[in-house]
Every structure is written in structure tokens, then in C-alpha cells.
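FYI, full-length UniProt numbering numbers position 133 of the sequence shown as 133, with every residue one higher than the one before it.
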Amino acid sequence: MVYLKLPRNNQKQRDYHAWLCGGVIIHEEYILTSAACIEDAEHFYVVSGTYKYADDDDRYNNPCIKNGAKKAIWKCVPKNYVFDGHENDNIRWMNNDIAVVKIEDGFDFTRRIRGCDFIPKPVCYNNQSQSLESPGTIVSIAGWGTTSRYNDWINRRKDNQQTLLEAHVEITPKNRCKRRWGSRYHNIIDNYMICTKDIGQSMAEICNEKYVDCQDINYSDEDDGRRSIIKTERIPTNLVMHSAYHNETFKNSIGGSRRYVGATDGGFCENDHGGPLVYGSGVNSIIVGIISACLVKERSNKCYGPFLYTSIYKNRQFISCSIYKDVEPKCRRQFRSGVTHVEQEISWKTHPDGPAKNELDPIKKAELEAAAAAEEAEEAELEAKAAAAAAASLKLLLNKVPVDQAKDPTPVRLDDKVFTKSDFILRSRNVTTRLLNQ
């Protein structure tokens with residue numbers, strides 16, 4: 001799991017302080033994210049190897065971002081994708097809301113970046129079987145976004161989560177999903193989306209809330225594969241789709257380990273866009289979707305499902321050709337024709353943060369890499385010296401301790417806490433031995 005970070009002096013970052021999108025590593029040089037996240041972002045970083053996020057963190061005050069953030073240098077979206085996030089009542093941005101992004105140099109899958117929490121790892125994407133999208137399949141999502149409300153500008157700063165949240169969700173049939181979404185979205189859902197169930201509240205609980213109006217509709221579960229009597233369900237009439245344009249209403253608004261929420265009734269909300277929908281866990285994880293859209297209550301701004309994700313399987317050839325376009329002849333033909341995708345290179349040559357590593361001349365690049373390696377080696381040497389000095393000091397202190405074997409036959413251990421000025425040693429198991437001055 002990665003997140004996308006705007007440079008401090010980016011106009012989009014100044015207007016939308018809490019802009020945040022997720023993503024996932026699929027190759028040493030490529031990530032997957034949402035097209036809506038990056039279509040109007042001219043420059044952005046990809047931050048990996050951390051469970052933590054803060055709006056104010058940047059490459060000046062956060063060592064993980066300083067040492068590990070990668071500049072995005074290329075992005076590619078499907079040809080039929082149209083970003084209309086600036087427009088009211090928009091819908092076209094949901095068509096194939098997926099993007100492949102290339103970074104300036106590869107992720108290191110062998111070591112943890114200094115200041116980060118863990119070694120970044122790639123995740124396989126689903127290019128094998130659509131069965132992983134079957135109703136009833138339990139999958140998981142993750143993100144740093146808000147947990148309940150969209151565009152909550154008063155609490156903006158504290159709403160984006162400081163630690164990564166994960167939740168288990170259940171894939172639901174598209175026919176059931178479409179009952180909660182208007183007819184204008186049905187083709188999009190059929191062609192591009194995976195649906196997961198709504199959060200744990202029952203329809204009765206939703207409809208009884210103060211600002212939710214519902215209407216009665218009749219339907220049968222027969223089309224879901226289960227024959228039953230006709231049911232009557234009250235459907236909220238004032239749920240609206242959340243916009244693709246993150247934090248669009250309130251400009252300049254104010255605002256370590258991962259946590260699981262819920263069992264299989266989780267969902268996502270604002271700023272979780274672009275994160276992965278994952279089947280399995282650990283080395284067996286497979287990305288099956290990219291977080292795209294949810295419903296939002298018109299007055300309370302609460303996020304509800306069914307939740308929509310762009311299908312990875314239906315975009316498997318687009319993803320493969322984006323990464324390996326110089327390998328397969330069919331990909332070379334596709335990318336030369338430009339009928340299936342839109343590519344855009346991102347140049348940092350004139351950006352205040354400096355050029356990307358791929359834009360440096362070989363000599364300058366070698367100098368920077370050597371300087372970075374020397375700085376890292378110096379820091380490692382200082383840490384080693386400090387550890388050696390601490391060990392030597394502890395050994396010296398331990399050699400000065402006369403232990404009364406009759407009273408305390410247990411030898412002094414490394415986890416003992418030594419208080420030289422107080423003349424005693426505090427054992428981790430609450431045994432105290434006098435330390436005599438010599």
C-alpha cells in the first residue's frame with residue numbers, strides 16, 4: 001500500500017490541503033491507482049513503506065518521505081476515461097477509473113528505507129480469473145481516508161487517519177448493487193465495476209435517520225440466485241454519489257501499525273480513492289479492484305455503499321501493456337496506435353523540488369547517488385559507534401558490580417537497568433542489588 005503526496009508548493013495542494021489518494025505497487029517501477037486521483041495532478045510523489053500519514057508531513061520534516069518518496073514521471077489511463085471532476089453531477093470519471101503510474105527509479109524490495117516502517121513489496125494483480133470477483137467473496141480494503149463523512153471541512157485535519165486502516169468486505173451481486181444506484185450508473189457498474197456490500201447499518205436504521213427520506217420498492221432475490229418471496233425495502237432517495245474532485249467544496253480548508261475495523265461490513269470514504277481491493281493475504285495477495293466510488297448522504301455527508309471498485313481483471317491487458325509494452329508485439333502495436341490508452345510524461349526539470357532522477361545527466365546522477373550512499377554509510381557508522389559505546393559502558397559498569405552470591409546468585413543481565421548515582425541496579429523482574437562505589 002502506498003499513498004500519493006503533492007509537493008508543498010503545488011497549487012492543488014494549496015487549494016486542497018488534505019488531498020490524499022491511495023495506490024498499490026505492482027512492479028518495481030509501477031503502481032496502480034485511480035485515474036481521477038492523478039488526472040489533474042501535474043506533479044506528485046509516491047510514498048511507500050509506512051503505516052503513518054499526516055497532512056503536514058513532507059520531505060523536509062519526515063525522514064521516510066525524505067529518503068523514500070519517489071517522483072512520478074509517467075502516467076497512463078484508458079482511452080475511454082474522461083475526467084469531469086470539476087463539473088457538478090458528473091459521471092464520466094467513473095468509466096474505467098484506473099491508472100498506471102511510473103516512478104523515477106525502482107522500489108527497493110530488499111531493505112527498509114531509513115525512517116520508514118517496513119520494506120515495500122509488490123502485489124500481484126488479477127490477470128487470471130474473473131471468479132475472484134464472484135458474489136460472496138471476502139476481500140479487504142485499506143486507506144488513510146475519513147471513516148464516516150465526506151467533505152467534513154470543520155474536522156478536516158483530524159479526519160484523515162494517522163495510521164493505515166484496513167477492513168474486510170464482501171463482494172455483492174451487481175443486480176443488488178444497482179438497486180441502490182440510479183439507472184444512469186448501471187452500464188458503468190456492468191462494464192467496469194465490482195460491488196461490495198453496504199456497511200453494517202440496516203436499511204431501517206438508515207431510513208429512520210433524521211435527514212434520510214426513503215421510498216418503498218418491490219424486488220425479488222431470485223436474480224441473486226436465491227428464490228424467495230417478493231420483499232419490500234425502503235430505499236434512501238437522497239443519497240448522492242461522491243465526487244471525483246477531492247475536497248472540491250472548501251478551498252484552503254483546515255483540517256505505528258495498521259488497524260482493522262469491522263468484520264465483513266467495512267467500507268471506504270473520502271480520500272481512500274485509488275487504494276486496493278485485495279483477495280487473500282501475505283504473499284498470496286491478489287489485487288482485484290481499485291477503490292472508486294461510494295454514496296454520500298446529501299445532508300449528513302455520511303458515506304454509504306454499495307461501494308464500487310474498478311475491476312482489475314477487465315483492465316488486465318491495459319495494465320500488462322502499460323508495464324511491458326516493449327516486450328509483447330501486441331502491446332507495441334496497441335501503444336503505437338493510441339486507441340486504447342492516453343500516456344503522459346511528467347517532467348520535473350523546472351520544478352522547485354528539482355529534476356527527477358531519470359532527468360539527471362549520468363555524472364550528476366552518479367554524484368547524487370554517491371553522496372546519498374556516503375550519507376547513509378556515515379549515519380550507519382555513527383549508529384554502530386553509539387551502540388558499541390553503550391555496550392562498552394554497560395560492560396564496564398557490570399564489571400564493577402560485586403554480587404553477593406549468597407543473597408543473589410543470579411548474575412547481572414543485559415536487561416538490568418543501572419543507576420550509578422543511586423548505587424543500585426534495578427532488575428527487570430523487580431530484584432534489586434546494591435552497586436558499591438569503587
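Yeah, the Cβ is synthetic: ideal placement off N, Cα and C, and Gly gets one too.
Supposed contact pair residue j and residue i - C-beta distance, whole angstroms, cut 8 Å
i: ASN271; j: LEU6; result: That pair is no contact at about 12 Å.
i: ILE171; j: GLU133; result: 6 Å
i: ILE291; j: SER34; result: 7 Å
i: TRP74; j: GLU343; result: 7 Å
i: CYS195; j: LEU308; result: 6 Å
i: LYS71; j: ALA356; result: 4 Å
i: VAL139; j: TYR279; result: 5 Å
i: LEU295; j: ARG180; result: 7 Å
Simplified DSSP assignment, three categories, for residue i
i: GLY282; result: helix
i: LYS70; result: strand
i: CYS195; result: strand
i: TYR245; result: Legend: pLDDT at TYR245 = 40, less than 50; position of this residue unreliable, no value from coordinates given.
i: PRO63; result: helix
i: LEU6; result: coil
i: PRO352; result: coil
i: MET1; result: coil
i: SER292; result: strand
Residue from the options with nearest C-alpha to residue i
i: LYS314; options: ASP190, CYS303, VAL342, THR163; result: ASP190
i: PRO122; options: PHE83, LYS357, PRO276; result: PRO276
i: GLU345; options: LYS66, SER322, MET193; result: SER322
i: ASN9; options: ALA392, GLY354, ALA388; result: GLY354
i: TRP144; options: GLU166, GLN128, LEU397, SER131; result: GLU166
i: CYS177; options: ILE38, PRO120, GLY136; result: GLY136
i: ILE38; options: LEU360, CYS303, LEU394, TYR3; result: TYR3
i: ASN126; options: ILE119, TRP181, PHE83, ASN284; result: ASN284
i: ASP40; options: ALA388, VAL82, ASP57, TYR53; result: VAL82
i: HIS168; options: ALA142, ASP56, LEU295; result: ALA142
i: ALA36; options: ARG59, ILE98, LYS52, PRO120; result: ILE98
i: THR340; options: ALA372, SER320, TRP348; result: SER320
Residue i: CB within 7 Å of a non-hydrogen atom of the ligand GTP
i: CYS303; result: No copy of the ligand GTP occurs in the structure displayed, which carries no ligand at all.
Segment limits, beta strand (DSSP E) that includes residue i
i: GLN344; result: 341-345
i: PHE307; result: 303-311
i: LYS178; result: Counting along the chain, LYS178 falls outside any beta strand (DSSP E), though it belongs to the alpha helix (DSSP H) covering 174-180.
i: TYR140; result: Sequence check: residue 140 is Ser here, not Tyr. SER140 -> beta strand (DSSP E) spans 138-143.
i: CYS21; result: 21-27
i: ALA54; result: From DSSP, ALA54 is part of no beta strand (DSSP E); its letter is neither H nor E.
i: HIS31; result: For the record, residue 31 in the displayed sequence is Ile; it is not His. Segment 30-33, the beta strand (DSSP E) holding ILE31.
i: HIS168; result: 165-170
Proximity of residue i and residue j at Cβ, strictly below 8 Å
i: HIS351; j: HIS43; result: yes
i: THR50; j: ASP105; result: no
i: TYR192; j: SER311; result: yes
i: GLY274; j: GLY22; result: yes
i: VAL47; j: ILE103; result: no
i: GLY266; j: ASP198; result: no
i: PRO63; j: ARG114; result: yes
i: THR146; j: CYS269; result: yes
i: CYS124; j: VAL100; result: no
i: ASN80; j: ASN95; result: yes
Unbroken alpha helix (DSSP H) run spanning residue i, endpoints
i: CYS321; result: 316-324
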